[in-house]
Structure formats: structure tokens, C-alpha cells
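K.L.:
First the structure, then my questions, so here it is.
2 protein chains.
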Amino acid sequence: MSLIFSRQCEYALQAVLYLALKPLDDMTSIKELTKRLDIPYHFLAKILQDLTRKGLLSSLKGPTGGFGLGMPAKDITLFHIVEAIDGVEFMHNCVMGFPECSGKNPCAVHEKWANLRDGVYTMLVSKNIAEMAKNMRKPEYQSV
Amino acid sequence: MSLIFSRQCEYALQAVLYLALKPLDDMTSIKELTKRLDIPYHFLAKILQDLTRKGLLSSLKGPTGGFGLGMPAKDITLFHIVEAIDGVEFMHNCVMGFPECSGKNPCAVHEKWANLRDGVYTMLVSKNIAEMAKNMRKPEYQSV
DNA sequence: CTATATTAAGACTAAAATATCTGAATATTA
DNA sequence: TAATATTCAGATATTTTAGTCTTAATATAG
Ligand code: FES
Ligand code: FES
Numbered sequence: 302m303s304l305i306f307s308r309q310c311e312y313a314l315q316a317v318l319y320l321a322l323k324p325l326d327d328m329t330s331i332k333e334l335t336k337r338l339d340i341p342y343h344f345l346a347k348i349l350q351d352l353t354r355k356g357l358l359s360s361l362k363g364p365t366g367g368f369g370l371g372m373p374a375k376d377i378t379l380f381h382i383v384e385a386i387d388g389v390e391f392m393h394n395c396v397m398g399f400p401e402c403s404g405k406n407p408c409a410v411h412e413k414w415a416n417l418r419d420g421v422y423t424m425l426v427s428k429n430i431a432e433m434a435k436n437m438r439k440p441e442y443q444s445v
Numbered sequence: 302m303s304l305i306f307s308r309q310c311e312y313a314l315q316a317v318l319y320l321a322l323k324p325l326d327d328m329t330s331i332k333e334l335t336k337r338l339d340i341p342y343h344f345l346a347k348i349l350q351d352l353t354r355k356g357l358l359s360s361l362k363g364p365t366g367g368f369g370l371g372m373p374a375k376d377i378t379l380f381h382i383v384e385a386i387d388g389v390e391f392m393h394n395c396v397m398g399f400p401e402c403s404g405k406n407p408c409a410v411h412e413k414w415a416n417l418r419d420g421v422y423t424m425l426v427s428k429n430i431a432e433m434a435k436n437m438r439k440p441e442y443q444s445v
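So the protein sequences, as listed, match chains A and B.
For the numbering used here, add 301 to where a residue sits in the first sequence, where the first one is 1.
For the numbering used here, add 301 to where a residue sits in the second sequence, where the first one is 1.
Printed below as a string of C-alpha cells:
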């Protein structure tokens, strides 16, 4: 199977975009998130804790507690999330798996891949998550 | 960790490109391939057997045996290899992991991803593996 | 203060991907 | 025919990723 981002990372992207639709200090429980997004409860819990440790989210215990953005949505891009979960190695790895990726010793598709990779980067940083979230037409995100 | 193709698939791409540099009926042993490409012996064996069953390669037992292309290099693209190993789901999956990927209910990056995905497809089919192999400047492939 | 709802943390389990091992089948060569 | 070099097939092992469970900590509301 091929995939770009790990499952964890996909869940993180989905969850943070959901939080981006809410006011900064509004806390959202894991329960609400898993219900909306159909993500395993405890798995999502770990991911969110991870993002909290890394400062992207903030959390609060107790009733009325939950998770919220750790900084204004306008300062967060999808790239921050990918970076926090999967890391950025994909930005400098050879798509064919060769140990080196550079124009010096290019593999058969290096030029094209380098372009596409830049495109992925642009895709992840071109808008902040507030704008991103608004661009979605996913039922999971309606009437938050 | 993020990656596009599975490790298996990466190995397959590397190995088939190596075979593409040889005459059609010239058999190459796993030993030679693993030595050149630094791929675990038995793992590569399984991958090549898989590709053989699927017709992309041919094999011959015994001394002077080994693996070769199953059809002329000009008829094979990288996409055929990816298709055989990883499958083509990545061509219609949402990059953020949502259950549906379509313009009807687009995720935040659907348009951009759809373009990039087409770019990946083009990258994989734009040349046959004979041309691809010649474009490589990897030391692993010199003086075959 | 107490009961409750929540996150935090870490151990644990399950599944998938990656890698290794072993013996059989087969073709070549001497 | 015998020895050898190879692929073939399937079992096993290891590592990584995904997912679950349990207990503790903490904040709120009554
Ligand atoms: S060398 Fe292969 S993508 Fe750069
Ligand atoms: S819906 Fe996400 S990439 Fe198409």
C-alpha cells in the first residue's frame, strides 16, 4: 500500500482542522472529535497529547475541559502538523528509495519528483488552517 | 514517517530498472542485484517472484539462471511496477485520510492534491523503463 | 468536600510491514 | 549421473505502526 502521510498524521490533520473552526479558548472533548471524525478514541487521545506537548494545541482537564488550538489559527499551517507528527524527511528523500536524493546523482525521476515535492510543500503552507478549514465541504465539519 | 511507496515497491523499482539496462534474454541473479543495490537477499527474492507471477519479469532456475524482463523494456513503465506491488489506490485516496476523495465533498487541499497526484502519474508513465534507466546517474547502475 | 468528567501517561495488544531461514524444485555443467 | 547454482515456496522472526486498556491527575459543579 502506498500512502503519503501516516495514519496518525492524517488523524492529526483532520482533528486540528476541526479545532480551527472553533474560537481559540473553546475546548473540545476527545469524545466530540472521535464522534465527528470516526477516529479511535484512545489513539486520537495520544495524538492530541503529542501535539499539546509540542505546543500546537492546548488542553484542559476536568468537565468543560478538552483540547483547543495552542496558538491563533492564522499562525498554523498543515505543514506544522505534518512536521510534528511525521517529520519532514519526505522533503529530502528519494522517491525511489535510493540513499541519496540530489541533482548530483539523480534517480530516473528526480527532477519531476523534486517539483512535485515542492508542490506538496506549497500545498501544506499556502494557507493557514482557518482558511483551510473553511475550504472544506466535508459533512464531518458542518455546523460546528 | 511519511513515504510515498512501500519499501517493497522502492526495491522493485530499483531492481527492475537495473534489469532494464540488460538485454532481454540476459538473466541476472538475485545475488548480483542485492550486491549492487544493497537490498536484503530473501526479501528481494520474494519481490521478484511476485513480479514474475504477474508477468513483468521472467525467471530461470539453475546455474546461468536468474531474472530478466518479462517483456520488452519499451512496454514497461514505472507505473506498471507500482501497480503490481502497491496497487493504485493512492490515485483515488484523500491525502488527508477522509473516506471519500472527490470534487463533490473536497477536503481542504483536494484541488491541489488532485493536480499533484496527476503529476505523480505522469512521472510514472511518461517514459518507458529503458529511457528511465538511462536517465539515472546512480553509481549503483554504472557499467552494467 | 464530594462526585464526576475530563486529560495524562504508560503498559499492553494487535496487525501490518519488513526481513530471515530452510528445504524443495530445476537447470547446467562436468 | 553427480555436483552445483539458482529460483520457488512457505514458515518463521523482527520491527514498526496502529489501536486498546487501566490508572492517575485535575478541574468543575453541586
Ligand atoms: S534522487 Fe530520486 S528523487 Fe531525488
Ligand atoms: S478529498 Fe482530500 S484529496 Fe480529495
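Ideal Cβ placement from N, Cα and C applies to all residues, glycine included.
Does the beta carbon of glutamate 401/B fall short of 8 Å from some heavy atom of ligand 2?
P.N.:
Yes, ligand 2 has a heavy atom inside 8 Å of this Cβ.
K.L.:
Could you pull the start and end residues of the alpha helix (DSSP H) that leucine 314/A belongs to?
P.N.:
Unbroken alpha helix (DSSP H) run through leucine 314/A: 308-321.
K.L.:
Within this structure, are the beta carbons of lysine 381/B and cysteine 395/B separated by less than 9 Å?
P.N.:
It should be noted that the sequence gives histidine, not lysine, for residue 381/B. Cβ atoms of histidine 381/B and cysteine 395/B: not closer than 9 Å.
K.L.:
Anyone know if the C-beta pair for leucine 357/A and leucine 345/A falls short of 9 Å?
P.N.:
Cβ atoms of leucine 357/A and leucine 345/A: not closer than 9 Å.
K.L.:
Give the DSSP-derived three-state secondary structure of phenylalanine 391/A in the structure shown.
P.N.:
Helix, per DSSP.
K.L.:
Taking only the alpha-carbon atoms, compute the straight-line gap between proline 373/A and arginine 308/B and give it to the nearest angstrom.
P.N.:
Roughly 38 Å between the two C-alpha positions.
K.L.:
Is proline 341/B a contact residue of ligand 1, with contact defined as CB to any heavy atom under 8 Å?
P.N.:
Result no, Cβ not under 8 Å from ligand 1.
K.L.:
Counting only beta-carbon atoms, is methionine 439/A nearer than 9 Å to chain B?
P.N.:
Residue 439/A is actually lysine in this sequence, not methionine. At least one chain B Cβ lies under 9 Å of lysine 439/A.
K.L.:
If you draw a straight line from the alpha carbon of glycine 420/B to that of lysine 405/A, how long is it in whole angstroms?
P.N.:
For glycine 420/B and lysine 405/A, the distance between alpha carbons rounds to 23 Å.
K.L.:
Where do the N-terminal and C-terminal ends of the beta strand (DSSP E) with phenylalanine 399/B fall, by residue?
P.N.:
Note, phenylalanine 399/B: premise wrong, no beta strand (DSSP E); not H, not E.
K.L.:
If distances are taken between C-alpha atoms only, which option among Arg438/A, Thr365/A, Leu425/A and Lys428/A comes closest to proline 407/B?
P.N.:
Here the closest residue by C-alpha is Arg438/A.
K.L.:
Which residues, in order along the region 405-424 of chain A, keep a beta-carbon less than 8 Å from a beta-carbon of chain B?
P.N.:
The region 405-424 of chain A vs chain B, Cβ under 8 Å: Lys405, Asn406, Pro407, Cys408, Ala409, Val410, Lys413, Trp414, Asn416, Leu417, Gly420, Val421, Thr423 and Met424.
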